[in-house]
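In terms of our numbering, the sequence shown opens at residue 11 and continues consecutively. A short write-up of the structure that comes next.
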Amino acid sequence: MATPRFRALVLCAGFGTRLRPLTWSLAKPLLPLCGETVAGRTLRRLGAAGCEAAVVNLHHRPEDIPRTFGRSYRGLPLVYSHEEDHILGTYGALAPRRELLEACEAVVLINGDSWCEWPIRKIVRHHLRSGAAATLLLLPKSPDKALGGGIAVDAKGRILQMRDMEKRSGDITGRFIFAGLHVISPRVLKGIEAKPGDILESLYQPLLEEGAHLSTMKLSRRRRWHDLGTPGRYHAAFLDVLRGRDLRILGKTFGPDRSSLSPLARLEAGSRVRNSALERGVFVGEGAEIKNSMALEEAHIGAGCRIRSSIVGPGVRLPPSSEVEQRMITRLDKRHELRDDESVMGDLVYTPL
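Now the structure itself:
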């Protein structure tokens with residue numbers, strides 16, 4: 011099969027609510043993992059797979075992403091779709107740039123805030139061979155009941171049920187978690203409206219009821235996938251990268267201490283960094299020790315600090331001799347409503363991982 015023509019919509023409009031207060035100052039798709047942002051990785055995977063152009067939708071902190079990526083990323087042309095009044099969701103986000111998206115053989119709809127070695131080329135080919143109206147990427151594990159029952163499929167991978175919605179006829183052979191990557195046939199986009207909605211409920215469920223073919227593909231267990239929805243999950247994804255599972259994909263070489271250090275980070279004499287990541291502009295004072303932790307852009311870690319299994323947010327200035335373990339430290343934002351498990355010291359918020 012010749013390389014298929016496809017375009018993409020990268021979903022980047024969300025608030026990142028569960029990651030606050032970090033996401034008050036940083037759009038969730040721009041969270042870094044060892045020198046590469048989450049959205050940057052997704053755009054890189056799209057470009058490498060042959061994507062012609064990508065639309066990126068925006069709402070929360072809408073200036074951050076265009077300022078970071080500009081009009082193209084590694085040769086992939088970018089077009090922005092501003093959802094100014096309200097978020098349109100996974101359904102409505104397709105409408106504003108529908109004409110651009112549907113001028114190809116397939117449309118990829120992909121979460122911009124999940125970390126994965128997305129099998130984009132493979133799923134696009136699978137979708138076109140199947141003739142399906144849409145194809146969804148599934149994780150190779152069953153959901154718990156809190157996720158609404160997952161996606162129910164038959165022995166051939168055809169979708170029979172969305173979450174706990176009404177089932178179409180057929181024998182369910184398994185239920186799986188949806189990974190946030192869809193491939194959609196352009197013909198399906200014709201009737202989509204620019205109104206808020208969830209694509210499973212507003213598009214796929216009606217298609218099922220009409221008897222449409224909705225296909226699936228499972229993500230290989232060798233490929234890592236992370237939902238970065240909470241500080242703990244973000245930190246877990248970072249540790250997974252440092253364990254070496256993503257070294258080939260990142261194209262990075264880590265030192266013997268398994269750390270990722272930006273060339274623009276500065277370490278004073280006697281400081282020690284083990285199994286950690288320091289992003290651009292980070293300063294580590296004399297005698298400070300950092301282990302199993304992340305320090306984001308322009309963080310300043312004072313002399314003699316002891317940081318263990320934590321996230322130091324962008325621009326945070328930790329006083330000398332601070333001791334922190336299993337916390338996310340961020341600058342206090344007047345919009346943030348403190349939770350019962352959070353504490354404030356000076357102008358910093360300490361959130362448990």
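Quick reminder that beta carbons are idealized off the backbone N, C-alpha and C, glycines included.
(1) Look at the alpha carbon of G280 and the alpha carbon of R30, and state the distance between them as a whole number of angstroms.
(2) Assuming R55 contacts W128 under a Cβ cut-off of 8 Å, what Cβ separation, rounded to an integer in Å, is found between them?
(3) In chain order, which continuous runs of the beta strand (DSSP E) of length 3 or greater are located wholly inside the stretch 250-335?
(4) Our contact map puts R341 next to V326 with C-beta atoms below 8 Å; I'd like the distance itself, whole angstroms only.
(5) Got a sec? Which residues, its chain only, sit under 6 Å from T33 by beta carbon, not counting five neighbours each side?
(6) Put D95 into one of helix, strand or coil per three-state DSSP.
(7) In chain order, which continuous runs of the beta strand (DSSP E) of length 3 or greater are located wholly inside the stretch 67-92?
(8) Counting beta carbon pairs with one atom in the stretch 118-134 and one in the stretch 191-200, are three or more of them shorter than 8 Å?
(9) By the 10 Å Cβ neighbour count, where 16 or more other Cβ atoms means buried, how is E93 classified, buried or exposed?
(10) Once DSSP output is grouped into helix, strand and coil, what is the label at T100?
(11) What's the gap between the Cα of A156 and the Cα of I133?
(12) Could you check if T226 is buried or exposed, using at least 16 other CB atoms within 10 Å of its CB as the buried criterion?
(13) Alpha carbon to alpha carbon, what distance is there between T183 and G207?
(14) Along the chain, where does the beta strand (DSSP E) containing S124 start, and where does it finish?
(15) Which complete beta strand (DSSP E) runs does the stretch 160-200 hold, if anything under 3 residues is left out?
(16) Could you tell me the boundaries of the beta strand (DSSP E) in which R383 lies?
Once the coordinates are examined:
(1) 33 Å
(2) 5 Å
(3) 282-284, 299-301, 316-318, 333-335
(4) 6 Å
(5) G26
(6) coil
(7) 86-92
(8) yes
(9) buried
(10) helix
(11) Confidence at A156 is low in this model, with a pLDDT of 49, below 50, so its placement is unreliable and the value that follows should be read with caution. Those two C-alpha atoms are separated by around 27 Å.
(12) buried
(13) 29 Å
(14) 124-126
(15) 161-163, 169-172, 184-186, 188-194
(16) No answer is possible for residue 383: it lies beyond the span of the chain, which begins at 11 and ends at 363.
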